[in-house]
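K.L.:
As numbered in this note's numbering, residues 1 to 283 make up the sequence shown, in order.
For glycine and all other residues, C-beta sits at the position ideal for the given N, C-alpha and C.
Attaching a single structure in structure tokens format; questions to follow.
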Amino acid sequence: MPAQFDLHCHSTISDGLLSPPELVAYAANRGVKVLALTDHDDMSGLQAARKAALKHDIKFINGVEISVTWKRRTLHIVGLKVDENNLALKTALNAVRTGRDERAQEMGLDLAKAGIHGAYEGAKALAQESIITRTHFARFLVENGHAKDTKSVFKKYLVKGKPGFKEHEWMNLETAVGLIKASGGIPVIAHPGRYDLGTINMLLLMHEFRSLGGAAIEVVTGSHTPPQYQQFAKMAHRFSLKSSLGSDYHGSGISYMEMGCIPDLPVGCVPVWDDWPEANFLI
Ligand code: AMP
Ligand code: MN
Ligand code: MN
Ligand code: MN
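Right, dumping it as structure tokens:
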């Protein structure tokens with residue numbers, strides 16, 4: 001049976017294809033019982049999603065996925081149960097979004113040097129009112145015939161050493177964990193298997209995250225393989241961290257995994273929801 005929790009997904013507020021209410025309706029339809037919306041660096045979809053959840057048979061959890069720089073690498077830290085009205089968190093995310101726009105303009109200039117013109121304007125038009133991400137550049141590049149799909153576009157462009165990649169300084173780890181906690185939230189390392197850290201740095205990250213008050217890591221996520229579920233279940237146990245689970249759904253056809261079909265956490269994991277009232281239906 002697929003998991004009834006999905007604690008990581010994206011709406012049009014960041015780089016997903018469905019609006020927050022559409023996403024909630026979709027998740028309910030796919031059998032999800034507890035859903036967290038975790039848009040990149042933006043909490044402005046939470047209110048509409050929570051309202052929509054009341055109409056469907058689904059429990060809603062506030063979330064956000066914060067872009068972080070740690071040892072010159074980009075990591076993602078999910079905050080679950082954050083307070084979307086917390087001024088310090090809102091202000092810090094606002095600054096991250098301003099930085100995103102500046103970075104996107106630089107990405108556009110870099111692509112122009114490689115002969116691709118109008119990418120910033122094109123990506124911005126696709127993003128509409130929402131934040132601008134590499135996903136929007138990827139969509140622009142695919143729509144204009146520079147790559148055949150999302151998967152191949154990230155091999156040719158937008159990654160280190162390729163046109164359209166710009167080093168960027170995101171929030172630091174200590175600040176992200178601190179802000180999430182101060183707003184009453186639970187810090188979670190998103191998709192640890194996606195970071196090219198090497199063994200030593202991965203262990204250092206887990207240690208530092210735990211020392212800062214981090215609470216959980218994503219063990220089951222759309223981009224992990226089944227052996228990685230086992231690997232990170234062990235890692236969670238070793239560092240006394242809880243385990244989280246989420247599809248990282250962005251829209252059908254452009255996601256690592258569909259909503260409503262993620263497998264449950266491996267046996268022995270302590271779920272991040274083990275003391276949540278929203279999980280009482282499991283008893
Ligand atoms: P940004 O935060 O602007 O760097 O954009 C990161 C987003 O790009 C991620 O959240 C993913 O949605 C998307 N992304 C990054 N790498 C890939 C990839 N290899 N395949 C598909 N999507 C990717
Ligand atoms: Mn994304
Ligand atoms: Mn992510
Ligand atoms: Mn994500």
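Could you tell me whether the Cβ atoms of G99 and E167 are closer together than 9 Å?
P.N.:
As a position in the sequence shown, residue 99 is number 99, starting the count at 1. As a position in the sequence shown, residue 167 is number 167, starting the count at 1. It is not a contact, given that the beta carbons lie outside the stated cut-off.
K.L.:
Specify, as a first and last residue, the run of the beta strand (DSSP E) that R73 falls within.
P.N.:
Within the sequence shown, numbered from 1, the residue matching residue 73 stands at position 73. First-last of the beta strand (DSSP E) with R73: 73-80.
K.L.:
Distance check for E143 and D149, CA to CA, integer angstroms please.
P.N.:
The sequence position of residue 149 within the sequence shown is 149, counting from 1. The sequence position of residue 143 within the sequence shown is 143, counting from 1. Whole-angstrom Cα-Cα distance: 9 Å.
K.L.:
Taking 8 Å as the line, does the beta carbon of A138 fall inside it for any heavy atom of ligand 4?
P.N.:
Reading the sequence shown from its first residue, position 138 is the one you call residue 138. Outside the cutoff, so no.
K.L.:
If contact is defined by three or more beta carbon pairs under 8 Å, each pair taking one atom from either stretch, is the segment 75-86 in contact with the segment 174-194?
P.N.:
Segments in contact, yes.
K.L.:
In chain order, what residues of the same chain have a beta carbon less than 6 Å from the beta carbon of L212, not counting five sequence neighbours either side?
P.N.:
In the sequence shown, the residue the question calls residue 212 occupies position 212. So the qualifying residues of the chain are E174, V177.
K.L.:
Determine the DSSP secondary structure at E106, reduced to helix, strand or coil.
P.N.:
Translated into positions along the sequence shown, residue 106 becomes position 106. In this structure, E106 counts as helix in the three-state DSSP scheme.
K.L.:
Can R72 be considered in contact with ligand 1, in the sense that its beta carbon sits closer than 8 Å to one or more heavy atoms?
P.N.:
On the sequence shown, position 72 is the one that residue 72 refers to. No - ligand 1 has no heavy atom lying nearer than 8 Å to the Cβ of R72.
K.L.:
Taking the C-alpha atoms as reference points, what is the distance between F154 and A119?
P.N.:
Counted from its first residue, the sequence shown places residue 154 at position 154. Counted from its first residue, the sequence shown places residue 119 at position 119. Going from the Cα of F154 to the Cα of A119 covers about 15 Å.
K.L.:
Do F5 and V32 count as a contact pair if the criterion is CB distance below 9 Å?
P.N.:
The residue you call residue 32 lines up with position 32 of the sequence shown. The residue you call residue 5 lines up with position 5 of the sequence shown. Yes, these two residues count as a Cβ contact at 9 Å.
K.L.:
Along the alpha helix (DSSP H) that carries A36, what are the first and last residues, could you check?
P.N.:
In the sequence shown, counting from the first residue as 1, residue 36 sits at position 36. Not the alpha helix (DSSP H): A36 falls in the beta strand (DSSP E), residues 34-36.
K.L.:
Within 10 Å of its beta-carbon, does E129 have 16 or more other beta-carbons around it, so buried, or fewer, so exposed?
P.N.:
Position 129 of the sequence shown, counted from the first residue, corresponds to residue 129. The residue is exposed, with fewer than 16 neighbouring Cβ atoms inside 10 Å.
K.L.:
Report yes if the CB atom of G268 is closer than 9 Å to the CB atom of H237, and no otherwise.
P.N.:
Numbered from its first residue, the sequence shown carries residue 268 at position 268. Numbered from its first residue, the sequence shown carries residue 237 at position 237. Going by C-beta atoms, G268 is nearer than 9 Å to H237.
K.L.:
Kindly indicate the opening and closing residues of the beta strand (DSSP E) around P271.
P.N.:
Here the question's residue 271 lines up with position 271 in the sequence shown. Counting along the chain, P271 falls outside any beta strand (DSSP E), and DSSP gives it neither H nor E.
K.L.:
Taking the Cβ atom as the reference point for each residue, do I254 and G214 lie within a distance shorter than 9 Å?
P.N.:
Mapped onto the sequence shown, residue 254 falls at position 254. Mapped onto the sequence shown, residue 214 falls at position 214. Result no, Cβ atoms of I254 and G214 do not sit closer than 9 Å.
K.L.:
For S14, which option in H136, R103, A114, N29 has the closest C-alpha, if you only look at C-alpha atoms?
P.N.:
Numbered from 1 along the sequence shown, position 14 holds the residue referred to as residue 14. When each option's Cα is compared against that of S14, the closest is H136.
K.L.:
For the beta strand (DSSP E) that I66 lies in, which residues bound it at each end?
P.N.:
Reading the sequence shown from its first residue, position 66 is the one you call residue 66. Note, I66: beta strand (DSSP E), 63-70.
K.L.:
DSSP three-state call for S244: helix, strand or coil?
P.N.:
Position 244 of the sequence shown, counted from the first residue, corresponds to residue 244. S244 falls in the strand class under three-state DSSP.
K.L.:
Out of N280, P226, Y249, which one is the CA nearest neighbour of D264?
P.N.:
For the purposes of this step, residue 264 is taken as the residue at position 264 of the sequence shown. Of N280, P226, Y249, the residue nearest in Cα terms is P226.
K.L.:
For P327, is the classification buried or exposed, using 16 other Cβ atoms within 10 angstroms of its Cβ as the cut-off for buried?
P.N.:
Any question about residue 327 goes unanswered here, given that the chain covers just 1 to 283.
K.L.:
Per DSSP, what are the beta-bridge partners of N172 in this structure?
P.N.:
Residue mapping note: residue 172 aligns to position 172 of the sequence shown, counting from 1. N172 pairs with T69.
K.L.:
Is the beta carbon of D15 within less than 8 Å of some heavy atom of ligand 2?
P.N.:
Here residue 15 refers to the residue found at position 15 when the sequence shown is read from its first residue. Yes, Cβ of D15 sits closer than 8 Å to a heavy atom of ligand 2.
K.L.:
Need the endpoints of the beta strand (DSSP E) that P187 sits in, please.
P.N.:
Within the sequence shown, the letter at position 187 stands for residue 187. Start and end: 186-189.
K.L.:
Whose beta carbon lies closer than 7 Å to any heavy atom of ligand 4, going through the chain in order?
P.N.:
Chain-ordered list of matching residues: H8, H10, T38, H40, E65, H76, A190, D248.
K.L.:
Can H146 be considered in contact with ligand 2, in the sense that its beta carbon sits closer than 8 Å to one or more heavy atoms?
P.N.:
One-based indexing of the sequence shown puts residue 146 at position 146. Not so, every heavy atom of ligand 2 lies at least 8 Å from the Cβ.
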